[in-house]
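*Asks:* Residue numbering for the sequence shown follows the numbering used here, starting at 21 and increasing by one per position.
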Amino acid sequence: MASESDLAQGVDNIEDLDSPGKMSSDSVDRSARWQDILRGLQFIQSTLPYPGSQEEYEVFIQALVKNLFGEGNDVYKEGDWARALEMYTEALSIAEYADSEEISVSSETIEKLYANRAAAYLNMGLHDQVLRDCEKALQCNENNYRALYRKSRSLKELGRHREAYDAVAKCSFAVPQDESVIKLTQELAKMLGLKIRKAYVRAKVNAVDHVVPCLGSCGALARRICALMASLVSAACFEPVAWGHNSRGLE
Numbered sequence: 021m022a023s024e025s026d027l028a029q030g031v032d033n034i035e036d037l038d039s040p041g042k043m044s045s046d047s048v049d050r051s052a053r054w055q056d057i058l059r060g061l062q063f064i065q066s067t068l069p070y071p072g073s074q075e076e077y078e079v080f081i082q083a084l085v086k087n088l089f090g091e092g093n094d095v096y097k098e099g100d101w102a103r104a105l106e107m108y109t110e111a112l113s114i115a116e117y118a119d120s121e122e123i124s125v126s127s128e129t130i131e132k133l134y135a136n137r138a139a140a141y142l143n144m145g146l147h148d149q150v151l152r153d154c155e156k157a158l159q160c161n162e163n164n165y166r167a168l169y170r171k172s173r174s175l176k177e178l179g180r181h182r183e184a185y186d187a188v189a190k191c192s193f194a195v196p197q198d199e200s201v202i203k204l205t206q207e208l209a210k211m212l213g214l215k216i217r218k219a220y221v222r223a224k225v226n227a228v229d230h231v232v233p234c235l236g237s238c239g240a241l242a243r244r245i246c247a248l249m250a251s252l253v254s255a256a257c258f259e260p261v262a263w264g265h266n267s268r269g270l271e
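This is the structure:
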């Protein structure tokens, strides 16, 4: 299932880079970022050696990709699909170049670039390109629900309704309450002559509220006793286990 922050954004939105300490696009000086992009592009098109270590060169290339990613997102949000397409394409091209320089750009970044470029293509009505980029994103992460949704929409526009339904059905497992997914699923189900049904929403049950009424006149005391017992059981069941010191740490 998708995280709450993902659900809040919905399938119609583009991906952001969720890196620690990442600034929101509102706080980025876009003029300064664009100058960094231009300087970076100018340098990598030359044959000059990088004036620093290999590690510093790697940081430089990765920053250039992320800057292009961020600029692409900002112009996308302004409705400039063609410009966004240009930024995402440049970022992907540099990521491919980085590989030849023995520099790694994370698969998550590549996945999100393809998913976002697919969104730009979708808004431009270029459905074959949407399908190509969605497949690239899904090769990185088969559960990318935005790629699945965009793939489904383009397949629907191309008249490939069964394939479109299969894609959105998988998407609906990740975001079952997303209104865009529900609408697309129902449209495709109707086209295929399938029965349309609504999703079941699980109830939230408090065990103490069910136990206390059975204890009769003990009332408040019974509730406190049950609450104490529940907390003790919870603590016993979920006591963290030390598996040893991890010198590398966790992300």
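All C-beta atoms in this analysis are idealised placements derived from N, C-alpha and C, irrespective of residue type, glycine included.
Is it true that the CB of Ile-114 sits closer than 7 Å to the CB of Val-85?
*Replies:* Yes. Within cutoff.
*Asks:* Where does Ala-223 land, buried or exposed, given buried means 16+ other C-beta within 10 angstroms?
*Replies:* Exposed, by the Cβ-count rule.
*Asks:* In the DSSP assignment, find the unbroken alpha helix (DSSP H) run with Ser-73 in it and report its ends.
*Replies:* Here Ser-73 belongs to no alpha helix (DSSP H), and DSSP marks it neither H nor E.
*Asks:* Report all residues from its chain with a CB closer than 7 Å to the CB of Met-107; omit the five preceding and five following residues, and keep chain order.
*Replies:* Closer than 7 Å at the Cβ level, and outside the excluded window around Met-107, lie Leu-88, Glu-91, Gly-92, Val-95.
*Asks:* Taking only three categories from DSSP, how would you classify Ile-57?
*Replies:* Three-state DSSP puts Ile-57 in a helix.
*Asks:* Could you tell me the boundaries of the alpha helix (DSSP H) in which Met-211 lies?
*Replies:* Looking at the DSSP string, the run of the alpha helix (DSSP H) that includes Met-211 is 199 to 211.
*Asks:* I want to know whether the region 132 to 149 touches the region 47 to 67 - three or more CB-CB distances under 8 Å.
*Replies:* No, the region 132 to 149 does not touch the region 47 to 67.
*Asks:* Would you kindly work out how many angstroms separate the C-alpha atoms of Ala-184 and Ser-172, rounded to a whole number?
*Replies:* Distance between the alpha carbons of Ala-184 and Ser-172: 4 Å.
*Asks:* Assign Asn-163 to one of three DSSP states: helix, strand, or coil.
*Replies:* Coil, per DSSP.
*Asks:* Between which two residues does the alpha helix (DSSP H) holding Asn-143 run?
*Replies:* 127 to 143 is the span of the alpha helix (DSSP H), which, as asked, contains Asn-143.
*Asks:* Can you tell me whether DSSP reads Gln-149 as helix, strand or coil?
*Replies:* Three-state DSSP puts Gln-149 in a helix.
*Asks:* From what residue to what residue does the alpha helix (DSSP H) around Ser-120 run?
*Replies:* Per DSSP, Ser-120 belongs to the alpha helix (DSSP H) from 101 to 120.
*Asks:* Quick one: is Glu-162 buried, meaning 16 or more other Cβ sit within 10 Å of its Cβ, or exposed?
*Replies:* When all chains shown are included, Glu-162 counts as exposed.
*Asks:* How should Glu-35 be labelled, buried or exposed, when 16 other C-beta atoms within 10 angstroms of its C-beta is the threshold for buried?
*Replies:* So Glu-35 counts as buried.
*Asks:* Given 6 Å as the limit, tell me if Tyr-185 has its C-beta closer than that to any heavy atom belonging to the ligand FAD.
*Replies:* Ligands in the displayed structure: none, and consequently the ligand FAD is not present.
*Asks:* Look at the alpha carbon of Leu-158 and the alpha carbon of Ala-83, and state the distance between them as a whole number of angstroms.
*Replies:* Their Cα atoms are separated by approximately 24 Å.
*Asks:* What would DSSP say about Gly-179, mapped onto helix, strand or coil?
*Replies:* Reduced to three states, the DSSP call for Gly-179 is coil.
*Asks:* Just the Cα atoms here: how many angstroms apart are Ser-120 and Arg-182?
*Replies:* If you take the alpha carbons of Ser-120 and Arg-182, they lie about 40 Å apart.
*Asks:* Quick one: what does DSSP say Asp-94 is sitting in, helix, strand or coil?
*Replies:* Helix.
*Asks:* Please classify Ser-44: does DSSP put it in a helix, a strand, or coil?
*Replies:* In this prediction, Ser-44 has a pLDDT of 49, which is less than 50 and means its spatial position is unreliable; what the coordinates show is noted afterwards. Reduced to three states, the DSSP call for Ser-44 is coil.
*Asks:* Determine the closest residue to Ala-219 out of Pro-196, Ala-209, Thr-205, with distance taken between C-alpha atoms.
*Replies:* Of the listed residues, the one whose Cα sits closest to Ala-219 is Pro-196.
*Asks:* So what's Thr-67 in DSSP terms, helix, strand or just coil?
*Replies:* Looking at Thr-67 - three-state DSSP - the assignment turns out to be coil, as it is neither helix nor strand.
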